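This report refers to the structure that appears directly beneath it.
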Amino acid sequence: AAGVIQSPRHLIKEKRETATLKCYPIPRHDTVYWYQQGPGQDPQFLISFYEKMQSDKGSIPDRFSAQQFSDYHSELNMSSLELGDSALYFCASSKGGQGETQYFGPGTRLLVL
Amino acid sequence: GQQVMQIPQYQHVQEGEDFTTYCNSSTTLSNIQWYKQRPGGHPVFLIQLVKSGEVKKQKRLTFQFGEAKKNSSLHITATQTTDVGTYFCAGNNDYKLSFGAGTTVTVRA
Chain R
1 AAGVIQSPRH
11 LIKEKRETAT
21 LKCYPIPRHD
31 TVYWYQQGPG
41 QDPQFLISFY
51 EKMQSDKGSI
61 PDRFSAQQFS
71 DYHSELNMSS
81 LELGDSALYF
91 CASSKGGQGE
101 TQYFGPGTRL
111 LVL
Chain C
1 GQQVMQIPQY
11 QHVQEGEDFT
21 TYCNSSTTLS
31 NIQWYKQRPG
41 GHPVFLIQLV
51 KSGEVKKQKR
61 LTFQFGEAKK
71 NSSLHITATQ
81 TTDVGTYFCA
91 GNNDYKLSFG
101 AGTTVTVRA
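Line order of the protein sequences matches chains R and C.
Read left to right, the first sequence gives residues 1 to 113 (the working numbering).
Read left to right, the second sequence gives residues 1 to 109 (the working numbering).
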């Protein structure tokens, strides 16, 4: 069965640079979620989209923005990167909005030097 | 806001033994979900509990949802090396999913 696809899988950036992470949800899933996971921590919810509209916002820094496109894929844009942004970024998708089972992608490992 | 507490943070188990991880929420949940994350991997959905007092089993894993829908547990019997990983509960309330800190399980053969 098709799973959530994330790209790139690994990314190395320097401080103050920008990064764009992409997420392709499971086909026919209409909701996308972004999470940040630091080493040894649980996933922290950043933001979610349902039917291309922002549905909820968590602890996403103002330097980050995201959107969901007409084909339901989503992009997380990160600017003015800081060392503390180094983490694993997961995208998850579900069908039918929040409250439904979320299926996680393999994650993008971001390292900021 | 909603908080989900999960204990223990670490569980070191002898192969063949049983163990339990517990989740407690500060608010009543509409449902609770359990995920497993292997080292270097991503969270993988295990199960969702919706009804008060619900008990579900998956082979050696038994999941329970409390009567008040504020706590849940995962019990694993006869632990195997394949059970290694971090088990997260995630409480759903008002369409927000809050993850517990996870229980990281290691197994000694």
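Beta carbons: idealized from backbone N, C-alpha and C, even for Gly.
None of these values were measured; they are calculated from a predicted model.
Under a three-way DSSP split, which group does residue i fall into?
i, result
"residue 27(C)", "coil"
"residue 79(C)", "coil"
"residue 107(R)", "coil"
"residue 91(C)", "strand"
"residue 83(R)", "helix"
"residue 75(R)", "strand"
"residue 31(R)", "strand"
Going by beta carbon distance, what residues of the same chain come within less than 6 Å of residue i, once the five residues before and after it are set aside?
i, result
"residue 113(R)", "14"
"residue 10(R)", "109"
"residue 13(C)", "19, 79 and 107"
Less than 7 Å between C-beta atoms, sequence neighbours within five positions excluded: which residues of the same chain meet that for residue i?
i, result
"residue 86(R)", "110, 111 and 112"
How many Å lie between residue i and residue j at the Cα?
i, j, result
"residue 3(C)", "residue 109(C)", "35 Å"
"residue 52(C)", "residue 22(C)", "16 Å"
On a CA-only basis, which of the options is nearest residue i? Give me that one, please.
i, options, result
"residue 18(C)", "91(C), 99(C), 76(C) and 105(C)", "76(C)"
"residue 6(C)", "96(C), 107(C), 93(C) and 89(C)", "89(C)"
"residue 21(R)", "29(R), 42(R), 30(R) and 34(R)", "34(R)"
"residue 57(R)", "97(C), 83(C) and 69(C)", "97(C)"
"residue 91(R)", "103(R), 83(R) and 82(R)", "103(R)"
Do residue j and residue i count as a contact pair if the criterion is CB distance below 8 Å?
i, j, result
"residue 65(R)", "residue 16(R)", "no"
"residue 7(R)", "residue 32(R)", "no"
"residue 55(R)", "residue 3(R)", "no"
Output needed for residue i: all residues of its chain with C-beta closer than 8 Å, excluding positions within five of it in sequence on either side, in chain order.
i, result
"residue 9(C)", "101, 102, 103 and 104"
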